[in-house]
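S.K.:
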Amino acid sequence: MEATEILKAEHRVIERVLAALETAAGRLAAGQAVDPAFFLQAAEFVKGFADGCHHKKEEGVLFPAMEAAGIPAEGGPIAVMLAEHQEGRRLTAVMRAGAEKLLAGDIAARESVTQNALNYVALLRQHIDKEDHVLFPMADQAIQGSAERQVATAFDHVEHEDAGEGVHERFLALAESLERQVAS
Numbered sequence: 334m335e336a337t338e339i340l341k342a343e344h345r346v347i348e349r350v351l352a353a354l355e356t357a358a359g360r361l362a363a364g365q366a367v368d369p370a371f372f373l374q375a376a377e378f379v380k381g382f383a384d385g386c387h388h389k390k391e392e393g394v395l396f397p398a399m400e401a402a403g404i405p406a407e408g409g410p411i412a413v414m415l416a417e418h419q420e421g422r423r424l425t426a427v428m429r430a431g432a433e434k435l436l437a438g439d440i441a442a443r444e445s446v447t448q449n450a451l452n453y454v455a456l457l458r459q460h461i462d463k464e465d466h467v468l469f470p471m472a473d474q475a476i477q478g479s480a481e482r483q484v485a486t487a488f489d490h491v492e493h494e495d496a497g498e499g500v501h502e503r504f505l506a507l508a509e510s511l512e513r514q515v516a517s
């Protein structure tokens with residue numbers, strides 16, 4: 334299904350940021366100098382792209398379509414994905430708060446930034462694996478015909494009209510910037 338292929342492509346972008354975030358957190362944990370702004374930029378990517386675009390497509394379009402196709406939202410894989418989205422939001426907020434403290438000179442915040450960044454990376458990697466190998470194949474089987482076309486149209490609306498023109502491209506550029514920052 335076109336919609337799940339779009340989500341999988343977005344997963345690959347998110348995984349690139351996860352790798353950069355893991356590298357930066359590892360360096361920070363090892364006592365190396367890492368600009369706290371890196372973690373603020375990573376949190377901005379998560380909020381704007383992973384949550385604001387990607388999860389919005391899942392929570393606002395795909396999951397309701399799956400439920401309409403007979404896959405229960407309560408007590409099943411959709412409920413697990415929603416709970417993990419919430420946990421990701423919590424970890425990102427705590428990482429951002431720690432990075433703001435670190436930027437203000439509070440060295441003690443280093444541990445909070447490191448731990449929450451690494452916890453977020455671990456959560457999202459296993460979350461993406463479950464979506465790619467369990468949830469999306471379920472969606473591909475359950476959502477067919479006109480429902481599939483409606484999901485694709487709604488995804489386009491989320492990406493271009495809800496988010497605004499150029500927003501997707503801005504976050505792709507941010508992902509590349511985060512990768513470059515840890516490559517040096």
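Just remember that my numbering sits 333 ahead of the position in the sequence shown, which is counted from 1.
Each residue gets a CB set at the ideal place from its N, CA and C atoms; glycine is no exception.
Computed from a predicted model, the values in this text were never measured in an experiment.
Please classify P369 as buried or exposed, where buried requires at least 16 other C-beta atoms within 10 Å of its C-beta.
M.R.: By the 10 Å Cβ count, P369 comes out buried.
S.K.: I476 and A398: beta carbons closer than 7 angstroms?
M.R.: Yes; because the gap between Cβ atoms is below 7 angstroms, this pair is in contact.
S.K.: Quick one: grab the DSSP three-state call for P405.
M.R.: Of the three classes helix, strand and coil, the one that applies to P405 here is coil, per DSSP.
S.K.: Please state the DSSP three-state secondary structure of L476.
M.R.: The amino acid occupying residue 476 in the given sequence is Ile; Leu does not appear at that position. Coil, per DSSP.
S.K.: Rank M334, I339 and H344 by C-alpha distance to the C-alpha of E458 and give the top, closest one.
M.R.: Going by the sequence as given, residue 458 is Arg instead of Glu. Residue H344 is the option with its Cα nearest to R458.
S.K.: By the three-class DSSP mapping on this structure, what secondary structure does V367 have?
M.R.: The answer is coil: DSSP assigns V367 none of H, G, I, E or B.
S.K.: Can you round the beta-carbon distance between K390 and L351 to whole angstroms, since I take them to be within the 8 angstroms contact cut?
M.R.: Between L351 and K390 the Cβ distance is about 19 angstroms, and since that is not below 8 angstroms, they are no contact.
S.K.: Tell me which residues share the same chain as H388 and place their Cβ nearer than 6 angstroms to its Cβ, disregarding the 5 neighbours each side in the sequence.
M.R.: Hits under 6 angstroms: H418.
S.K.: Suppose contacts are defined by Cβ-Cβ distances below 7 angstroms. Is L505 in contact with F378 by that definition?
M.R.: Taking 7 angstroms as the Cβ cut-off, L505 and F378 do not qualify as a contacting pair.
S.K.: In angstroms, rounded to a whole number, what distance separates the CA positions of G393 and F488?
M.R.: Near 9 angstroms, if we compare the C-alpha coordinates of F488 and G393.
S.K.: Can you confirm whether the stretch 430 to 448 touches the stretch 458 to 468 when touching is taken to mean that 3 or more C-beta pairs between the two stretches lie within less than 8 angstroms?
M.R.: Taking 8 angstroms as the limit for Cβ pairs, the verdict is that the stretch 430 to 448 does not touch the stretch 458 to 468.
S.K.: Going by beta carbon distance, what residues of the same chain come within less than 6 angstroms of R422, once the five residues before and after it are set aside?
M.R.: Here the set comprises nothing.
S.K.: If you compare alpha carbons, which of A432, P410, L451 and R349 is closest to P470?
M.R.: Residue P410 is the option with its Cα nearest to P470.
S.K.: Check each candidate in G499, A516, Q474 and V413 and name the one with the smallest Cα separation from T403.
M.R.: Checking the sequence shown, residue 403 turns out to be Gly, not Thr. The option with the nearest alpha carbon to G403 is Q474.
S.K.: Whole angstroms is fine: what's the gap from E400's alpha carbon to H501's?
M.R.: Roughly 27 angstroms separates the two Cα atoms.
S.K.: Out of curiosity, what's the CA-to-CA distance linking N449 and R360?
M.R.: When rounded, the distance between both Cα atoms is 14 angstroms.
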